[in-house]
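Numbering (this note's numbering) for the sequence shown: 2 to 129. Where is the CB? At the ideal position from N, CA and C, for every residue including glycine.
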Amino acid sequence: MPAITGNTVVVLEQNAILRLGVEALLESWGCRVIAGDCVDDIIAIMRDKGLRPTLLLLPPTDGLDTGDRLGDRFEAEMGHPLPWIGITADPNLLQHWKAGASGGILLEMPCSPDMLRTAMLEALRKTP
């Protein structure tokens, strides 16, 4: 079974307070975190530091991009599949995801740390 400790996790979040909270939680679990509010900035950090993420925490939508498209950008950059998790309070997005119209794992807000940890373990377990 994969462990959370030692994983490198990308956190893409526009809200700085939420981003810092998630970053602190993941670091308390022993994860290395690459966090920011812009995909291009995060990719630049990954390149500069030679970091290879194992998991993505992405918004289910970011402007016109969906979580799937954001995940595809990171996968293209890394050259390998990356699981992603999104968290939302939008019932339409949840219904869309439950219908199998998007990939990743989508969690409903509010989301407890235990729920996030369980989803992370599930996503890492499914990674080839």
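Beta-carbon spacing of residue i, residue j below 7 Å
i, j, result
"V40", "R74", "yes"
"L52", "T6", "no"
"L56", "P82", "no"
Status (buried if at least 16 other CB within 10 Å, exposed otherwise) for residue i
i, result
"C18", "It is Ile, not Cys, that sits at residue 18 in the sequence shown. So I18 counts as exposed."
"A124", "buried"
"L21", "exposed"
"T119", "exposed"
"G105", "buried"
"T128", "exposed"
"P61", "buried"
Residue i versus residue j - alpha carbon distance
i, j, result
"M2", "W30", "The pLDDT assigned to M2 is 45, lower than 50, so where the model puts this residue is not dependable; a value taken from the coordinates is nonetheless given after this. The alpha-carbon atoms of M2 and W30 are separated by roughly 16 Å."
"I46", "G37", "10 Å"
"S113", "G80", "32 Å"
"E24", "R126", "21 Å"
Nearest neighbour of residue i, chosen from the options [CA to CA]
i, options, result
"A90", "G37, T128 and P111", "P111"
"D66", "M121, K127 and L13", "L13"
"M116", "I88, C32 and Q15", "I88"
"L59", "H81, Q96, V11 and T128", "V11"
"D49", "A120, L27, L26 and E78", "E78"
"R33", "I44, P54 and Q15", "P54"
"Q15", "I43, E76 and E109", "I43"
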